[in-house]
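All residue numbers for the sequence shown refer to my numbering, where the first residue is 40 and numbers rise by one.
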Amino acid sequence: MTINGWIQILLYCGILVLLVKPLGGYMHRVFTGDRSLLSPVLGPVERGLYRLAGTGDQEQHWTGYAAAMLLFNLAGFLALYFLQRLQGGLPYNPAGMSAVEPGLAFNTAASFMTNTNWQNYGGESTMSYLVQMAGLTVQNFLSAATGIAIAMALIRGFARASGKSIGNFWVDMTRATLYVLLPLCVVLTLVYVWLGMPQTLGAYVGATTLEGAQQTIAVGPVASQIAIKMLGTNGGGFFNANAAHPFENPDAISNLIQMLSIFAIGAALTNVFGRMVGNQRQGWAILAAMGALFIAGVAVCYWAEAAGNPLVHALGIEGGNMEGKEARFGIALSALFAVITTAASCGAVNAMHDSFTALGGMIPLINMQLGEVIVGGVGAGFYGILMFILIAVFVAGLMVGRTPEYLGKKIEAKEVKMAMLAILCLPLAMLTFTAIAVVLPSAVASIANGGPHGFSEILYAYTSAAANNGSAFGGLTGNTPWYNITLGLGMLMGRFLVIIPALAIAGSLAAKKTVSASAGTFPTDGPLFVGLLVGVIVIVGGLTFFPALAVGPIVEHLAAIHGQTF
């Protein structure tokens, strides 16, 4: 590790913190219906969309909110599936790409609809311009907007008292898309084009190499997709190499902007929460817990990659682990990007995670297995960490013999059960499918490595799918019937088996009365609560996943120390 590397990491953290309050204040005005900077322009558009769609702005009970969300996402899934299946006969297909086969189309539709963006295909060699724009990019916006909408519904559950409604899904989704995602993406797209990203509907470009060979260079509407790919924590790249491709990530400036984009909305939602519950310190406390886990992950990952591989050192080659990394980003920014993209449910990569050291690759795994609550995906990370907050205050209540409270709301058996259901559905999907895959010959045949690293490739895939992340250990061939179907099912479980309990909690809390704080009320806006929350997240995640981690990354690390390989 170097001082220069840590300066870059701390600079990133400082800029991010400076963005939290202004972006949080803007989003608070948007979702409370107050006048914002863009209201004069976008207000008439918003009202016109409601009239066009036939949806009003009447508030919904949590069951109505959930039904609207499920139906909308089902429609998005079907639209994207059939776009892929009909691709060969649709326009804006200059490369003449054929229809996507059913299993891969199912996997991709589930992936982008759930904000996972796992890709069992090469974007530039599989998807036409039309599918990239009207299918994948549209779902990038809508899946991100859905996550923000669910977060806002849960926030209202804490902020309201004796209410029967938690907002209107159509209003929340429209405002998230129209006022937050679209304006920011327009600005980001223009910046990316200025930095050198392609943005064209023209055909692929032919070139002659220095050796005289002919080469086809893939281009397309790249900048616009990358903008929402990062801001919406989607992660699905236009190119197979993702953010390591120079057309997706030209230089250090674009790399910094993309890393900030991944965390910006998720971090700002903590400030929105604090404003809506009337105490911004509550939001800062949640962000502090996220930040503590984030810095710990960056420190371990950076240290492991800077220390290098003992097996390589045994050959007399000293230095850090540069395998699978871009020389223009180096070890520090590659490790930082890896932790950011897996702390959020993004999955974009500027380095090959499969080439990280055993302990360096373990950190992305841990980030995802904790439920990606360290800032997390847009909205998804915030409603995810609120599940852990409920468990934390429940534990605190048990320790002092009081009924658990959070923000004046009694946390009772129903809320705790729903929170545990949301938390435990992730290991259910991750570990069950992994256990089957490691004994299924056709599934084992897809891994490129034997031993513990091969096990980690399978575990990483199902962890990434259920956590709605989308990154991968590249040694696994995922485009097979088994992985296309089971990974798709894992994505659906990880998305909707968390959202439904979260909305049920929102409805339950909104109906409760608010009780005044007393001398025995546990304060939830100070260092003690931050420490308790971090401890609950680590302990719950550790008890659930440590055996699997011990089989993979830890065994691989110990083997490398003793000069063994697989």
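Note that CB positions come from ideal geometry on N, CA and C, so glycine has one too. Keep in mind that this is a model prediction, so the values were computed, not measured.
Asked: Quick one: what does DSSP say Leu515 is sitting in, helix, strand or coil?; Found: strand
Asked: Output needed for Ile428: all residues of its chain with C-beta closer than 7 Å, excluding positions within five of it in sequence on either side, in chain order.; Found: Tyr445, Leu572
Asked: Looking at the strands, I want to know which residues DSSP matches up with Ile256.; Found: Val244
Asked: What's the C-alpha gap between Leu398 and Cys340?; Found: 7 Å
Asked: Touch check for the region 484 to 504 and the region 359 to 377: three-plus C-beta pairs under 8 Å?; Found: no
Asked: Thinking Asn294 and Cys385 are a contact (beta carbons under 8 Å), I'd like their distance in whole angstroms, please.; Found: Actually they are not in contact, since the Cβ atoms of Asn294 and Cys385 sit about 14 Å apart, beyond 8 Å.
Asked: Rounding to the nearest angstrom, what Cα-Cα distance links Gly581 and Leu463 in this structure?; Found: 13 Å
Asked: Note down the Cα distance separating Lys551 from Leu175, rounded to an integer number of angstroms.; Found: 40 Å
Asked: Leu125: which of Met212, Asp564, Met401, Pro141 sits nearest, CA to CA?; Found: Pro141
Asked: State the start and end residues of the unbroken alpha helix (DSSP H) segment that holds Leu429.; Found: 419 to 439
Asked: Looking at the unbroken alpha helix (DSSP H) that takes in Val483, where does it start and where does it end?; Found: 480 to 483
Asked: Among Ala242, Leu479, Gln264, Glu362, which residue has its Cα nearest to the Cα of Thr255?; Found: Ala242
Asked: Which class does Lys453 belong to by DSSP, given the choice of helix, strand or coil?; Found: helix
Asked: If you drop the 5 nearest sequence neighbours on each side, which residues of the same chain put their C-beta closer than 6 Å to that of Asn156?; Found: Ser150, Asn273, Gly274, Gly275, Gly386, Gly509
Asked: I think Gly18 touches Asn154, with their Cβ atoms under 8 Å apart; what is that distance to the nearest whole Å?; Found: Residue 18 lies beyond the stretch modelled for the chain, which goes from 40 to 605, so this question has no answer here.
Asked: Alpha carbons only, please: which of Leu113, Val244, Gly410, Gln319 is nearest the one belonging to Ile578?; Found: Gly410
Asked: Checking the sheet assignment: what are the DSSP bridge partners for Tyr445?; Found: Lys448
Asked: Could you tell me if Glu451 is buried or exposed, where buried requires 16 or more neighbouring beta carbons within 10 angstroms of its beta carbon?; Found: exposed
Asked: Suppose the cutoff is 6 Å on Cβ atoms and the five residues either side in sequence are ignored; what does the same chain contact list for Leu515 look like?; Found: Ser485, Ile486, Glu496, Ala500
Asked: Measure the C-alpha to C-alpha separation of Glu365 and Phe286 and round it to an integer number of angstroms.; Found: 14 Å
Asked: How far does the alpha helix (DSSP H) with Trp45 in it extend, from its first residue to its last?; Found: 42 to 70
Asked: In the structure shown, what three-state DSSP assignment does Lys552 receive?; Found: coil
Asked: Any idea what DSSP makes of Ala353, helix, strand or coil?; Found: coil
Asked: Does DSSP put Lys364 in a helix, in a strand, or in coil?; Found: strand
Asked: Can the beta-carbon of Val569 be found closer than 7 Å to that of Ala327?; Found: yes
Asked: Kindly indicate which residue of His392, Leu542, Ala468 has the alpha-carbon position closest to the one of Asn281.; Found: His392
Asked: Given a cut-off of 7 Å on the beta-carbon distance, is the pair Leu460 and Pro349 in contact?; Found: no
Asked: Going straight from the alpha carbon of Leu299 to that of Ser201, what length do you get?; Found: 38 Å
Asked: Rounded to whole angstroms, what is the Cα-Cα separation between Ala419 and Arg90?; Found: 29 Å
Asked: Tell me, please, whether the region 210 to 228 touches the region 178 to 197 by the rule of three or more beta-carbon pairs shorter than 8 Å.; Found: yes
Asked: Report the option in Met172, Gly95, Gly103, Leu143 whose CA atom is closest to the CA atom of Pro130.; Found: Met172
Asked: Could you tell me which of Asn112, Gln99, Ala262, Gly95 sits nearest to Thr228, measuring between CA atoms?; Found: Ala262
Asked: Considering Leu129, what are the terminal residues of the alpha helix (DSSP H) in which it resides?; Found: That residue, Leu129, is in no alpha helix (DSSP H); it is neither H nor E in DSSP.
Asked: Whose CA, out of Gly517, Gly355, Pro237, lies closest to the CA of Pro289?; Found: Pro237
Asked: Which complete alpha helix (DSSP H) runs does the region 95 to 179 hold, if anything under 4 residues is left out?; Found: 101 to 124, 141 to 152, 162 to 165
Asked: Can you list, in chain order, the residues of its chain whose CB lies under 6 Å from that of Ala549, leaving out five sequence neighbours each side?; Found: Gly196, Arg199, Gly202, Ile205
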